[in-house]
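Here the sequence shown is numbered in my numbering, starting from 1346 and rising by one per residue.
Even for Gly, the Cβ is constructed at its ideal location relative to N, Cα and C.
To start, the structure under review is shown below, and the notes come after it.
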Amino acid sequence: MPDIQLRFHRDMLVLSSPIAPVLTRQGFELDGDVEYATLMEPEAVEDALRLNLMAGVQCLVTETAGMTPARLAHRGMAERLPELARAAVSCAAKLRPQHVLVELGPCGLPLDASSKASLNENRDQYARAARAFEGLSLDGFFLNGFSSPSDLKCALMGLRQVSGLPVFASVNVGVDGMLVDGRHGFDEALDVMAEFEASVAGFCTQAPVERACELARQAAKLPLPVLAQLDVVEHNPRQRQATPENPYHRPDVMMEASQQLRAAGAQFLRATGQATPAYAGALVAATEGLDAHRPDVEA
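Written out as structure tokens, the structure is:
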């Protein structure tokens, strides 16, 4: 499997869209059923991932966002973390993508940023999760869905205790430019990414592409590759034009958006939320074979 770090600041690359919408159409519930499917019906997960691979994505993201010990304990599956990790990576690796990224989301534990014990407890969640993936075929970790700098700090520290693999870090940013916790700006999250050794600086937003490009330019002030995730509120082909409430209503909207984001400094692109694999395909079609646009960084 190619070393993804060799492609930093070089090739435009697309991450697979979430497979949850595909699994939902097959009757799975989002809360808990993804982990069940990974173990008991891996072919359903493989088929959903395969749709993204057929769309041309270079980076397959494992469906492992909820695989931290605390979240698994809530579902009575904490002891099965190593088994779940092996199954999830196996589902992706079988398809022989160019790269596999293991997604980890917020652990869900309460966090008191002023308490060392609380910080250590949260940090340990990510360290334990990362250990479960040791020795498996992955190119890096993908910290995704974070809404506060403190949560992200714990996650990065936990991973760096255990792993030297690349870490993609992404926070959810509202239309107003604030993190979705409403208390911190994107700049604070970027400071954490820089200080605690993120390899790629990213964001996810439902905001129109003009605002997303502003975020990409802000992230590109760091000497790190930039990941831009566009959150699809609703896939609605009947919607005639983009609206502020649902700017990414059809896959073809991604064609122009990808070009604007590339010009703003983004190298990695992803359609998320209610995006179908067709959204990923549109991103690939618009960027395949193009170099990343970061004249400020020597590749």
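From Arg1293 to Leu1481, what distance separates their C-alpha atoms? No answer is possible for residue 1293: the residues shown for the chain start at 1346 and end at 1644.
Asn1397 (DSSP reduced to helix, strand or coil): helix
If you compare alpha carbons, which of Phe1486, Leu1560, Ala1602 is closest to Glu1533? Leu1560
At which residue ranges does the region 1496-1569 contain complete alpha helix (DSSP H) runs of 4 or more residues, listed in the order of the chain? 1531-1540, 1554-1564
Under the three-state DSSP convention, the category His1431 falls into: What sits at residue 1431 in the sequence shown is Arg, not His. In the structure shown, Arg1431 sits in a helix (DSSP, three-state: H, G or I).
For Ala1615, list the residues DSSP reports as bridge partners. According to the sequence provided, residue 1615 is Arg. The question's Ala does not apply to it. Beta-bridge pairing links Arg1615 to Gln1574.
Do you know whose CA, among Met1538, Glu1479, Gly1530, Val1578, lies nearest Val1512's CA? Met1538
For the alpha helix (DSSP H) that Ala1467 lies in, which residues bound it at each end? Sequence check: residue 1467 is Asn here, not Ala. Run containing Asn1467: 1461-1477, per the alpha helix (DSSP H) assignment.
Is the beta carbon of Thr1409 less than 7 Å from the beta carbon of Glu1466? no
Considering only residues of the same chain and omitting the five flanking positions on each side of Ala1472, which have a CB-CB separation below 6 Å? Gly1503, Gln1506, Val1507
Alpha carbons only, please: which of Asp1636, Ala1627, Met1523 is nearest the one belonging to Ser1493? Met1523
What is the DSSP secondary structure of Cys1404, counted as helix, strand or coil? strand
Minimum C-alpha distance to Phe1541 - residue among Thr1550, Leu1567, Glu1424, Thr1413: Leu1567
So, are the CB atoms of Phe1548 and Val1516 less than 7 Å apart? yes
What are the boundary residues of the alpha helix (DSSP H) that includes Leu1628? 1622-1632
Where Gly1509 and Arg1583 are concerned, what is the direct C-alpha to C-alpha distance, given to the nearest angstrom? 46 Å
Put Glu1713 into one of helix, strand or coil per three-state DSSP. With the chain represented from 1346 up to 1644, any question about residue 1713 goes unanswered, as that position is not in the structure.
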